[in-house]
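Chemist:
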Amino acid sequence: RGLMPNPKTGTVTFDVAQAVNEIKAGKVTYRVDKAGVVHAPIGKSSFDTDRLVENAQALIISVLRAKPSAAKGKYVRSATVASTMGPGIKVDISSVDTLLL
60 RGLMPNPKTG TVTFDVAQAV NEIKAGKVTY RVDKAGVVHA PIGKSSFDTD
110 RLVENAQALI ISVLRAKPSA AKGKYVRSAT VASTMGPGIK VDISSVDTLL
160 L
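Below is the structure:
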């Protein structure tokens with residue numbers, strides 16, 4: 060899965076130089092499953108805590124900015140961080156709404 064080039068994910072493009080620059084700059088794509096769960100990498104286990112927190116905040120801000128104007132109520136209800144095959148750890152998201160301010 061995900062091994063073939065796909066125009067939706069931006070892996071098929073006529074401007075190769077721009078695509079390479081975006082990838083080198085740290086472009087991360089996230090996906091949403093049918094249940095509304097967002098899946099995205101925020102770093103590697105070798106990253107220090109500050110870097111992981113910064114990446115997680117950037118991801119949450121990106122998700123909140125992509126929120127449709129018709130969406131009502133609380134948009135981010137819970138967050139869990141997990142390694143690829145490891146158990147999930149719940150994250151306190153009580154301050155998520157203040158990230159966009």
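Residue numbering for the sequence shown follows this note's numbering, beginning at 60 and increasing consecutively.
Here a beta-carbon is modelled for each residue, glycine too, at the ideal position from N, C-alpha and C.
This structure is a prediction, so every number in the text was calculated from the model and none was measured.
In the DSSP output, which residue or residues are listed as bridge partners for residue 138?
Modeler: BP columns for residue 138 point to 150.
Chemist: Residue 68 and residue 88: beta carbons closer than 8 Å?
Modeler: yes
Chemist: Find the nearest neighbour of residue 116 within the set 82, 157, 145, 105, judged by alpha-carbon distance.
Modeler: Among 82, 157, 145, 105, the Cα nearest to that of residue 116 belongs to 157.
Chemist: Can you give me the start and stop residues for the alpha helix (DSSP H) that residue 114 sits inside?
Modeler: 108–124
Chemist: Excluding five sequence neighbours on each side, which residues of the same chain lie with their C-beta closer than 7 Å to the C-beta of residue 97?
Modeler: If the five residues before and after residue 97 are omitted, its C-beta is found closer than 7 Å to the C-beta atoms of 89, 91, 122, all from its own chain and listed in chain order.
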